[in-house]
Amino acid sequence: MTLDRFSRRAAPRLARPFVSLALVAALACTGCASSADAGHGEGRSVARAEHGEPTPHSDHDEHGARPGPPVPGPAREPSPPQPNEPQGYSDTPLLPDGVWRVHDRDRPVPPVVAPGLHGGPPSDAVVLFDGDGLRAWEGGPWRLVDGAMEVNGSGDLSTRESFGDVQLHLEWMSPPVRSSGQGRGNSGVFLMGRYEVQLLDSWGNRTYADGQAAAMYGQQPPDVNAARAPGRWQSYDILFTAPRFEDQALVSPALVTVIHNGVLVHHERAYLGATSHQRVAQYTAHEPSAPIRLQDHGDPVRYRNIWVRRLGG
Numbered sequence: 294m295t296l297d298r299f300s301r302r303a304a305p306r307l308a309r310p311f312v313s314l315a316l317v318a319a320l321a322c323t324g325c326a327s328s329a330d331a332g333h334g335e336g337r338s339v340a341r342a343e344h345g346e347p348t349p350h351s352d353h354d355e356h357g358a359r360p361g362p363p364v365p366g367p368a369r370e371p372s373p374p375q376p377n378e379p380q381g382y383s384d385t386p387l388l389p390d391g392v393w394r395v396h397d398r399d400r401p402v403p404p405v406v407a408p409g410l411h412g413g414p415p416s417d418a419v420v421l422f423d424g425d426g427l428r429a430w431e432g433g434p435w436r437l438v439d440g441a442m443e444v445n446g447s448g449d450l451s452t453r454e455s456f457g458d459v460q461l462h463l464e465w466m467s468p469p470v471r472s473s474g475q476g477r478g479n480s481g482v483f484l485m486g487r488y489e490v491q492l493l494d495s496w497g498n499r500t501y502a503d504g505q506a507a508a509m510y511g512q513q514p515p516d517v518n519a520a521r522a523p524g525r526w527q528s529y530d531i532l533f534t535a536p537r538f539e540d541q542a543l544v545s546p547a548l549v550t551v552i553h554n555g556v557l558v559h560h561e562r563a564y565l566g567a568t569s570h571q572r573v574a575q576y577t578a579h580e581p582s583a584p585i586r587l588q589d590h591g592d593p594v595r596y597r598n599i600w601v602r603r604l605g606g
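Residue numbers for the sequence shown follow the working numbering, beginning at 294 and rising by one.
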């Protein structure tokens, strides 16, 4: 069985998170303000000031001249709706799902989420590491250094909670150069404990393409090398869709989108299977959620600011 037969249309019964380029761009944008909205707001204020309601007037102005006919202002705008008044339509066509209409007034609105600042966790995130202990993890334990956790040769760390479809943010830093190739700042983040996004010092470091930083290890190199120099903090923003199985058979593969230091390097790419070394990856049916694992590959890589959001309800 090949992955060519799989597409987002291949399993219509499955609700899979939609990842758009607009979302990808939003993940890479911080502090973006809309100058257009600001300009429009000012314009509306000026218009109200210049074209407000006609004011009472006498037959003569202050200089004794009879004024001309009053210039009518714009038509009065209707009062704004009450805060709880539903907005939308009840007579528009049904969408293909057969549940909601186009612009359906009764469709639930999205919940409000307060975004974090400068890569911080949003209000609905599960914080896995914020510099204050390893309570969310088991294994290791790794060393805590200056608000980060550092690989120390004690073994991999895995989250105590299990996850399926997720948005994951983490920051990491490679140690000073002491070797080359796969021996430079090697670690990895394994979604569901199986599907790896590689961590490596790829700053001027020659190694095989599918082992570079941000590679889907052993399967697909990143589109570009967006690595920073060792000793500088780097970031991954990962959108992951878990594979689906039915009767122990693969229905749809795991998908991943990766943004490395604000640069899109994978967009909804399919894993060939669970990560493997020197072998072609393949799938084995597993549970719909599993812990996230951080790899101890023997290099003192540091991690900080790790949080995750569950996707897909």
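Every residue gets a Cβ at the ideal spot worked out from N, C-alpha and C, and that includes glycine.
### Reference His-560; option with closest CA among Ala-522, Pro-514, Gly-481
Locating residue 560 in the sequence shown gives position 267, where the first residue counts as 1. Checking every option, the nearest Cα to that of His-560 belongs to Pro-514.
### Message
Which residue marks the beginning of the beta strand (DSSP E) containing Thr-550, and which one marks its end?
### Response
As a first step, residue 550 is located in the sequence shown; it is residue number 257 there, counting from the start. Start and end: 548-553.
### Message
Comparing C-alpha positions only, which one of Ala-547, Val-470, Ser-467 sits nearest to Thr-577?
### Response
For the purposes of this step, residue 577 is identified with residue 284 of the sequence shown, where counting begins at 1. It is Ala-547 whose Cα lies nearest to the Cα of Thr-577.
### Reference Asp-449, options Gly-605, Arg-602, Pro-584, closest by Cα
Your numbering for residue 449 matches position 156 in the sequence shown. Closest option to Asp-449, Cα to Cα, is Pro-584.
#### Entry: For Asp-646, the nearest candidate out of Ile-599, Arg-603, Gly-605 (CA to CA)
Limits of the chain in this structure are 294 at one end and 606 at the other, which puts residue 646 out of reach.
### Message
With DSSP as the reference, identify every bridge partner of Glu-443, one or two as the case may be.
### Response
Within the sequence shown, numbered from 1, the residue matching residue 443 stands at position 150. Arg-436, Arg-595, per the DSSP bridge assignment.
### Query
So Leu-463 and Val-444 are in contact, right, with Cβ under 8 Å, and what is the actual spacing, rounded?
In the sequence shown, the residue the question calls residue 463 occupies position 170. In the sequence shown, the residue the question calls residue 444 occupies position 151. In fact, because the Cβ distance is near 13 Å, the residues do not count as touching under 8 Å.
### Gly-497 to Gly-440 span [Cα, whole Å]
Mapped onto the sequence shown, residue 497 falls at position 204. Mapped onto the sequence shown, residue 440 falls at position 147. Answer to the nearest angstrom: the Cα atoms are 28 Å apart.
### Task
Report yes if the C-beta distance between Gly-478 and Leu-492 is below 8 Å; otherwise report no.
Residue 478 sits at position 185 when you count from the first residue of the sequence shown. Residue 492 sits at position 199 when you count from the first residue of the sequence shown. Taking 8 Å as the Cβ cut-off, Gly-478 and Leu-492 qualify as a contacting pair.
### Query
Looking at Gly-524 and Thr-568, is the spacing between their C-beta atoms short of 8 Å?
The residue you call residue 568 lines up with position 275 of the sequence shown. The residue you call residue 524 lines up with position 231 of the sequence shown. Contact: no.
### Same chain, Cβ closer than 8 Å to Arg-564, five either side skipped, listed in chain order
Counting from 1 along the sequence shown, the entry for residue 564 is found at position 271. Correcting the residue identity first, residue 564 is Tyr in this sequence and not Arg. Correct list, in chain order: Tyr-488, Met-509, Gln-512, Pro-536, Pro-546, Ala-547, Leu-548, Val-549, Ala-574.
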